[in-house]
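In the UniProt record's numbering, the protein residues as written are 1 to 151. What follows is one structure encoded as structure tokens, with my remarks underneath.
The structure is reproduced here in structure tokens:
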């Protein structure tokens, strides 16, 4: 079930939460050359590890942009960067079908207007090295009606 407060979840010792919140803005920010090189090095190292199962999960291409949400939950306003590869893969696929500018416009519309207007939740989680910091691990299209059907 979706929650409306990450602070509450942290107090309960939770590290994963499906957050129902108000989306204020969705921003597509270009990554710097240093960020791109750093990310490509991480992907390259993961690919070279030779793990038969994980190698297919490492993105083939480093995404030129990062995607961030400005949102409000019961605890106040927050900014979070999408950490999930699916958001980046969606952008890369769109860009391959059109061009970068059209792909960015579509991303702003889909993730910043369409999904929030139809209902969505943010899959949130903490990292073992930063258990105080919540990260956006995914974007889930979900209406209140969908949530009631889960009960």
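Note that beta-carbon positions come from the ideal geometry of N, C-alpha and C, so glycine has one too.
- A straight-line Cα-Cα distance of about 27 angstroms links residue 98 and residue 41.
- When secondary structure is reduced to three states using DSSP, residue 33 falls in the helix class.
- For the pair of segments examined, the segment 12 to 21 was found to touch the segment 121 to 139: the number of CB pairs separated by less than 8 angstroms reaches three.
- For residue 73 against residue 19, the beta-carbon gap comes to about 6 angstroms, under 8 angstroms, which counts as contact.
- Measuring C-alpha to C-alpha distances from residue 10 to each of 141, 135, 143, 139 identifies 135 as the nearest.
- Taking each of 137, 29, 21 in turn and checking the Cα distance to residue 100, the smallest one comes out for 29.
- The residues 67, 136, in chain order, have a CB closer than 6 angstroms to that of residue 82 in the same chain once the five nearest residues on each side in sequence are set aside.
- Boundaries for residue 49: no beta strand (DSSP E) harbours it, and the DSSP string shows neither H nor E there.
- In the structure shown, residue 73 falls within a strand segment according to DSSP collapsed to helix, strand and coil.
- When only Cα atoms are considered, residue 77 and residue 112 end up about 16 angstroms apart.
- In this structure, 80 is the residue among 143, 129, 80 with its C-alpha nearest to the C-alpha of residue 24.
- Between the alpha carbons of residue 87 and residue 121 lies a distance of about 14 angstroms.
- Across the structure, residue 94 and residue 104 are spaced so that their CA atoms are roughly 9 angstroms apart.
- The C-beta distance from residue 5 to residue 75 rounds to 5 angstroms, short enough to meet the 8 angstroms contact threshold.
- Under the criterion of beta carbons closer than 8 angstroms, residue 143 and residue 118 qualify as touching, at roughly 7 angstroms.
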